[in-house]
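Residue numbers (this note's numbering), protein chains in the order written: chain A, 9 to 238; chain B, 332 to 556; chain C, 19 to 99.
Here it is, written out as structure tokens:
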């Protein structure tokens, strides 16, 4: 396929998907009885949470791959996955309170799912900071990879700890209210597909960007080795 | 048993260095006293409230002490190329990690053992009846902190902003230990209506085990030769 | 109305006041719902937009520098054979 045409086609498809998803969310899906219109945040909020977890999982896999193969590609992939995961994590953490406030009357509750996502966000935020500002060099990349690997079993411990600790905090009803109507369910699936597509496209772009950045710094090193002046 | 010997030799070496140099020990001692001041000034309330905030204070103290110890893990070795020498030595790297973890646990425990009784006296919390369980909980917590922090402390040798980055990386990772520890101590003191404290102790023990094995397996791949 | 520093400050404070109002009983939870829905979707697409724009800009910059460097590398390597 034509190289100039491909990104345009991709963007058009994405725009179409997003447009249809919004139409479905706002016009097709019925308004939830108890929570009202604000429940419509659910479709993108929960899909974002899924791909956020997916991003962190891919970062974990990429980091393991990097530690065991020592190939820079794995590290670039892990970093791209973490960054894309953090984007969707930020979406989840900002839309969540906006939804919770009118429904529960509270902005935030220390509930296992919320807490583990918030802590996971902090851990991969630290990973991101380390990769971007910790300095160049393989030592830092390995350290970051180790951090990503260490962070993953942590989810389990956080979950268990918060669950047991939660005795004194208000228990929350299932956010979805348990009952999604069939229309709601199909809109939800469409939203997941849309967000997942968006996630994959962004991840691939980010991955390519990091590969290019690495190529650039390698070329710079080669350039100065050859005695060039920058 | 080569692993055990590696750990024992390295641990004894580090302990001897610390005892001869004394600088770290003296600094840690004064740091403990400063921490006591900060926390007791911040929370001098009525006895009942003191008892309620006591677990949080003790565990925050542990976090600060642990950060200090872990941050200095390779401080001596990073000079004079001794770190490279240590890494290149035939000693098993997992053993090296465990020995360094043990040193950090020792230092953290020392600070906590010094500071906690003073805090208890100043806040008028009677620790005597619950001394053993609380000490055991804190000891497990010190292990959790050191097991997560020590491998990441290698970074302090070559990262920029290491002194900021290290707590930033370690604190979220030890949050399960912190939650479990505060709850267990609170339940032991009878100020938190939670499950049996043993549940949280088991959780901390499982955490320690997972990170001990994980660090042991990964540490070799973390170092650049 | 002539704008003065005072009216400007008042305008700055208005959103803050509105937010403070949010917590009182004056704004019912039902009224809040529409507002929060719009804010949520604005945040979602705002964040995605910033992410895409930053990625595209950085990618373009990297590509430019790579091309520059490649041509200079060629020039450097040619004379030596």
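Built from N, CA and C at the ideal position, the CB exists for glycine as well.
Measuring only the C-alpha atoms, how far is residue i from residue j?
{"i": "residue 167 of chain A", "j": "residue 534 of chain B", "result": "11 Å"}
{"i": "residue 219 of chain A", "j": "residue 84 of chain A", "result": "6 Å"}
{"i": "residue 489 of chain B", "j": "residue 537 of chain B", "result": "31 Å"}
{"i": "residue 110 of chain A", "j": "residue 51 of chain C", "result": "6 Å"}
{"i": "residue 359 of chain B", "j": "residue 146 of chain A", "result": "33 Å"}
{"i": "residue 347 of chain B", "j": "residue 121 of chain A", "result": "46 Å"}
{"i": "residue 457 of chain B", "j": "residue 451 of chain B", "result": "7 Å"}
{"i": "residue 483 of chain B", "j": "residue 30 of chain A", "result": "44 Å"}
{"i": "residue 87 of chain A", "j": "residue 74 of chain C", "result": "17 Å"}
{"i": "residue 70 of chain C", "j": "residue 493 of chain B", "result": "30 Å"}
{"i": "residue 529 of chain B", "j": "residue 428 of chain B", "result": "29 Å"}
{"i": "residue 521 of chain B", "j": "residue 539 of chain B", "result": "25 Å"}
{"i": "residue 223 of chain A", "j": "residue 491 of chain B", "result": "23 Å"}
{"i": "residue 357 of chain B", "j": "residue 499 of chain B", "result": "26 Å"}
{"i": "residue 184 of chain A", "j": "residue 510 of chain B", "result": "Note that residue 184 of chain A scores a pLDDT of 48, beneath 50, so its modelled location is shaky; the value from the coordinates is reported in the next line. Roughly 28 Å separates the two Cα atoms."}
{"i": "residue 61 of chain C", "j": "residue 485 of chain B", "result": "39 Å"}
{"i": "residue 345 of chain B", "j": "residue 507 of chain B", "result": "29 Å"}
{"i": "residue 63 of chain C", "j": "residue 35 of chain A", "result": "19 Å"}
{"i": "residue 409 of chain B", "j": "residue 415 of chain B", "result": "8 Å"}
{"i": "residue 382 of chain B", "j": "residue 459 of chain B", "result": "13 Å"}
{"i": "residue 198 of chain A", "j": "residue 130 of chain A", "result": "29 Å"}
{"i": "residue 380 of chain B", "j": "residue 351 of chain B", "result": "42 Å"}
Closer than 8 Å by C-beta to residue i: which residues in its own chain qualify, once you throw out the five before and the five after it? Chain order, please.
{"i": "residue 100 of chain A", "result": "53, 56, 57, 60 and 125"}
{"i": "residue 189 of chain A", "result": "38"}
{"i": "residue 243 of chain A", "result": "Since the first and last residues shown for chain A are 9 and 238, residue 243 of chain A lies out of range."}
{"i": "residue 461 of chain B", "result": "519 and 520"}
{"i": "residue 49 of chain A", "result": "103, 106 and 107"}
Any beta carbon from chain D within less than 8 Å of residue i's own beta carbon?
{"i": "residue 388 of chain B", "result": "Of the chains in the structure shown, none is chain D; the protein chains are A, B and C."}
Where do the ends of the alpha helix (DSSP H) carrying residue i lie?
{"i": "residue 172 of chain A", "result": "146 to 173"}
{"i": "residue 414 of chain B", "result": "413 to 419"}
{"i": "residue 228 of chain A", "result": "190 to 233"}
{"i": "residue 19 of chain A", "result": "13 to 31"}
{"i": "residue 105 of chain A", "result": "80 to 112"}
{"i": "residue 439 of chain B", "result": "424 to 453"}
{"i": "residue 121 of chain A", "result": "120 to 141"}
{"i": "residue 519 of chain B", "result": "493 to 520"}
{"i": "residue 363 of chain B", "result": "354 to 373"}
{"i": "residue 464 of chain B", "result": "462 to 484"}
{"i": "residue 542 of chain B", "result": "528 to 553"}
{"i": "residue 59 of chain A", "result": "49 to 77"}
{"i": "residue 458 of chain B", "result": "Run containing residue 458 of chain B: none; DSSP gives neither H nor E here."}
{"i": "residue 385 of chain B", "result": "378 to 402"}
For residue i versus residue j, is the C-beta distance shorter than 8 Å?
{"i": "residue 401 of chain B", "j": "residue 480 of chain B", "result": "yes"}
{"i": "residue 542 of chain B", "j": "residue 430 of chain B", "result": "no"}
{"i": "residue 154 of chain A", "j": "residue 75 of chain A", "result": "yes"}
{"i": "residue 160 of chain A", "j": "residue 68 of chain A", "result": "yes"}
{"i": "residue 389 of chain B", "j": "residue 469 of chain B", "result": "yes"}
{"i": "residue 91 of chain C", "j": "residue 141 of chain A", "result": "no"}
{"i": "residue 531 of chain B", "j": "residue 172 of chain A", "result": "yes"}
{"i": "residue 487 of chain B", "j": "residue 471 of chain B", "result": "no"}
{"i": "residue 362 of chain B", "j": "residue 399 of chain B", "result": "yes"}
{"i": "residue 217 of chain A", "j": "residue 77 of chain C", "result": "yes"}
{"i": "residue 64 of chain A", "j": "residue 132 of chain A", "result": "yes"}
{"i": "residue 386 of chain B", "j": "residue 513 of chain B", "result": "yes"}
{"i": "residue 234 of chain A", "j": "residue 95 of chain C", "result": "yes"}
{"i": "residue 26 of chain A", "j": "residue 55 of chain C", "result": "no"}
{"i": "residue 108 of chain A", "j": "residue 115 of chain A", "result": "yes"}
{"i": "residue 58 of chain C", "j": "residue 106 of chain A", "result": "yes"}
{"i": "residue 158 of chain A", "j": "residue 335 of chain B", "result": "no"}
{"i": "residue 163 of chain A", "j": "residue 128 of chain A", "result": "yes"}
{"i": "residue 465 of chain B", "j": "residue 516 of chain B", "result": "yes"}
In chain order, what residues of the same chain have a beta carbon less than 6 Å from the beta carbon of residue i, not counting five sequence neighbours either side?
{"i": "residue 392 of chain B", "result": "366 and 446"}
{"i": "residue 17 of chain A", "result": "none"}
{"i": "residue 337 of chain B", "result": "422, 423 and 426"}
{"i": "residue 453 of chain B", "result": "371"}
{"i": "residue 418 of chain B", "result": "554"}
{"i": "residue 397 of chain B", "result": "439 and 476"}
Going along the chain, which residues of its own chain have a beta-carbon closer than 7 Å to the beta-carbon of residue i, five neighbours each way excluded?
{"i": "residue 373 of chain B", "result": "none"}
{"i": "residue 92 of chain A", "result": "63, 207, 210, 211 and 214"}
Which residues of the region 77 to 89 of chain C have a Cβ closer than 9 Å to any Cβ of chain A? Give them in chain order.
77, 80, 81, 83, 84, 87 and 88
Residues of the region 54 to 72 of chain C with Cβ closer than 8 Å to any Cβ of chain A, in chain order:
54, 55, 57, 58, 59, 61, 62, 65, 66, 69 and 70
Which residues of the region 403 to 429 of chain B have a Cβ closer than 7 Å to any Cβ of chain A? Give them in chain order.
none
Closer than 8 Å, Cβ to any Cβ of chain C: which residues of the region 52 to 63 of chain A, in chain order?
52, 53 and 56
Of all the residues that make up the region 467 to 478 of chain B, which are near chain A by a beta-carbon distance shorter than 9 Å?
none
Any residues in the region 145 to 161 of chain A with a beta carbon nearer than 7 Å to a beta carbon of chain B? Which ones, in chain order?
145, 146, 147, 148, 150, 151, 154, 155, 157, 158, 159 and 161
Any C-beta of chain C within less than 9 Å: which residues of the region 215 to 234 of chain A qualify?
216, 217, 220, 221, 223, 224, 227, 228, 230, 231 and 234
In chain order, what residues of the region 377 to 401 of chain B put their CB closer than 8 Å to some CB of chain A?
none
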